[in-house]
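Before any comments, here is the structure.
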Amino acid sequence: MAANFPDMKPTTRSFTMGDYPSKTYTSLSGVIFKRAFGNKATNYRLDLTFKNIGDTVQVRTYSGTVKDIVDHFRTVTNGTFESFKLPLAVFAGLYSDALTDSERKDDNLNPTIREPDSISWRYAEPPRVQSVQSGISTVTVKLVGELSV
Amino acid sequence: MTNEIRLAHFIQITTTKNTYNYQNYFVQQNKNGYDFAPFQVQGTVANLNGDNSQITLLFPTTDYALSLVELGDGNRKSQLMLSTYTVTSAGNLSSDPISTELYIGLGASFSEDTIELRFNTAVDSVAANFPARRFNEDNVGYLPLDSALSLR
């Protein structure tokens, strides 16, 4: 597993629950049969937007830079190949700052969004960088949470 | 109207070196001594002649799947016991399997991302021409050099 995603607070965050692996057979009569293939949900989605961040220089605390994300994607995770964990900063606003990372195992954050079903995150596609003005860009990151053995 | 079913496959593979237990439903768990492995079972065939039924275990190309092939000498010396269980909505296994089948290894094939382990049932049906006979010099004299036979 690759090193964590950079310590950056996103401007917007969209989380989509995973689902249990199953197949559906629809008979001619309209009766539906479903077969489950596993006992854990997978294919969680997390879309992050980092608006107006510096290309190489951090403009706010925990805003990070475009270079942080690009380097993480290119050299740390080898693109969409390797999985990684997400730091607390990515979930800013969802947790109490008073809790330490070890205490958070009993918190709702880890089992619901941060690593539900012990998933690990992976880039669903390469990050998109939109230039806003000189030295400032907006980055869109799409992640997929998958089960691993 | 909807009907749901949860099926779990439990396999016990005996190679020339050891016996390995895997199941494919309870992710990241050990269930009754069976570790999780992401395999699928496909291709069993039954017909009126009672011929051997063949199945294929499909694994992703992982280190333990490669080991299974190598330890079974290309999966030609492996034995497989395949049990199919139903799973309740609470995640419990049925007390008895729906079926338990025994197979012997036939070989393996590889692709860039999967490994197929092929198995066959150990016992074949007895056909009308059993025991099978072959042409040899004792019963037909000199054998032809090609397949052209004159049955006079």
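Chains as they are written, first to last, in numbering that gives the first Met the number 0: chain A, 0 to 148; chain B, 0 to 151. In this text, a Cβ means the ideal position worked out from N, Cα and C, and glycines have one as well.
Same chain only: Cβ atoms within 6 Å of residue i, ignoring 5 sequence neighbours per side
{"i": "Glu100 (chain B)", "result": "Leu81"}
{"i": "Lys30 (chain B)", "result": "Gln22"}
{"i": "Phe9 (chain B)", "result": "Gln22, Tyr33, Ser82"}
{"i": "Gly37 (chain A)", "result": "Pro20"}
{"i": "Ile97 (chain B)", "result": "Thr83"}
{"i": "Arg127 (chain A)", "result": "Thr139"}
{"i": "Val56 (chain A)", "result": "none"}
{"i": "Thr11 (chain A)", "result": "Thr48"}
Distance cut-off 8 Å: residue i Cβ against heavy atoms of the ligand PLP
{"i": "Glu100 (chain B)", "result": "As presented, the structure is devoid of all ligands, the ligand PLP included, so that no description of it is given."}
Within 9 Å, strictly: CB atoms of residue i and residue j
{"i": "Leu57 (chain B)", "j": "Gln78 (chain B)", "result": "no"}
{"i": "Phe49 (chain A)", "j": "Met7 (chain A)", "result": "yes"}
{"i": "Phe83 (chain A)", "j": "Val75 (chain A)", "result": "yes"}
{"i": "Gln53 (chain B)", "j": "Thr113 (chain B)", "result": "no"}
{"i": "Asn17 (chain B)", "j": "Asp34 (chain B)", "result": "no"}
{"i": "Phe232 (chain B)", "j": "Thr55 (chain B)", "result": "As displayed, chain B neither begins before 0 nor continues past 151, which places residue 232 (chain B) out of reach and without an answer."}
{"i": "Thr85 (chain B)", "j": "Ala36 (chain B)", "result": "no"}
{"i": "Asp18 (chain A)", "j": "Asn42 (chain A)", "result": "yes"}
{"i": "Ala107 (chain B)", "j": "Gly73 (chain B)", "result": "yes"}
{"i": "Arg113 (chain A)", "j": "Leu87 (chain A)", "result": "yes"}
{"i": "Gly53 (chain A)", "j": "Ile135 (chain A)", "result": "yes"}
{"i": "Leu144 (chain B)", "j": "Glu136 (chain B)", "result": "no"}
{"i": "Ala1 (chain A)", "j": "Asn77 (chain A)", "result": "yes"}
{"i": "Glu81 (chain A)", "j": "Arg34 (chain A)", "result": "no"}
{"i": "Ile104 (chain B)", "j": "Gly71 (chain B)", "result": "Before going on, a small fix: residue 104 (chain B) reads as Gly here, not Ile. Yes. Within cutoff."}
Outcome for residue i when other beta-carbon atoms lying within 10 angstroms are tallied against a minimum of 16
{"i": "Val26 (chain B)", "result": "buried"}
{"i": "Ile12 (chain B)", "result": "buried"}
{"i": "Asp95 (chain B)", "result": "exposed"}
{"i": "Leu146 (chain A)", "result": "buried"}
{"i": "Thr64 (chain A)", "result": "buried"}
{"i": "Asp67 (chain A)", "result": "buried"}
{"i": "Arg133 (chain B)", "result": "exposed"}
{"i": "Ser133 (chain A)", "result": "exposed"}
{"i": "Pro125 (chain A)", "result": "exposed"}
{"i": "Pro172 (chain B)", "result": "Nothing can be reported for residue 172 (chain B), as the shown portion of chain B is limited to 0 through 151."}
Proximal residues to residue i (C-beta, below 8 Å), its chain only, five neighbours per side dropped
{"i": "Pro123 (chain A)", "result": "Note on identity: in this sequence residue 123 (chain A) is Ala, with Pro being the wrong assignment. Result list for Ala123 (chain A): Arg44, Thr79, Lys141, Leu142, Val143, in chain order."}
Beta-bridge partners of residue i, as assigned by DSSP
{"i": "Arg5 (chain B)", "result": "A:Ala35"}
{"i": "Ser108 (chain B)", "result": "B:Glu115"}
{"i": "Thr18 (chain B)", "result": "B:Thr13"}
{"i": "Asp18 (chain A)", "result": "A:Thr41"}
{"i": "Tyr94 (chain A)", "result": "In DSSP, Tyr94 (chain A) forms no bridge with anything."}
{"i": "Gln28 (chain B)", "result": "Gln28 (chain B) is not bridged to any residue."}
{"i": "Pro59 (chain B)", "result": "B:Thr113"}
{"i": "Gly144 (chain A)", "result": "A:Tyr43, A:Trp120"}
{"i": "Asp34 (chain B)", "result": "B:Tyr21, B:Asn29"}
Beta-carbon proximity list for residue i, same chain, < 7 Å, skipping 5 on both sides
{"i": "Lys39 (chain A)", "result": "Asp116, Leu146"}
{"i": "Gln129 (chain A)", "result": "Ser136, Thr137"}
Taking only beta carbons into account, state which residues of the region 0-24 of chain B come closer than 8 Å to chain A, listed in chain order. Residues of the region 0-24 of chain B that bring their beta carbon within less than 8 Å of a beta carbon in chain A comprise Met0, Thr1, Asn2, Glu3, Ile4, Arg5, Leu6, Asn23, Tyr24, in sequence order.
Residues from the region 22-43 of chain B in contact with chain A, defined by Cβ distance under 7 Å: Listed in sequence order: Tyr24, Phe25, Val26, Gln27, Phe35, Pro37.
In the region 76-109 of chain B, which residues sit with their C-beta less than 9 Å from some C-beta in chain A, listed in chain order? So the close ones are Val86, Gly90.
Where the region 84-96 of chain A meets chain B: residues whose CB sits under 7 Å from a CB there: Of all residues in the region 84-96 of chain A, none has a Cβ within less than 7 Å of some Cβ in chain B.
Of the residues that make up the region 35-51 of chain A, which ones have a beta carbon closer than 8 Å to any beta carbon in chain B? Those residues of the region 35-51 of chain A that come within reach of chain B (Cβ to Cβ, closer than 8 Å) are Ala35, Phe36, Gly37, Asn38, Lys39.
For the region 134-146 of chain A, enumerate the residues whose C-beta is nearer than 9 Å to any C-beta of chain B, in chain order. Taking 9 Å as the Cβ-Cβ cut-off, the region 134-146 of chain A approaches chain B at Leu146, given in chain order.
Interface positions of the region 113-137 of chain A facing chain B (Cβ-Cβ less than 7 Å), listed along the chain: With the criterion set as a beta carbon lying under 7 Å from some beta carbon of chain B, the members of the region 113-137 of chain A are Ser117, in sequence order.
Give, in chain order, every residue of the region 48-72 of chain A whose Cβ lies closer than 8 Å to some Cβ of chain B. Within the region 48-72 of chain A, no residue has its Cβ closer than 8 Å to any Cβ of chain B.
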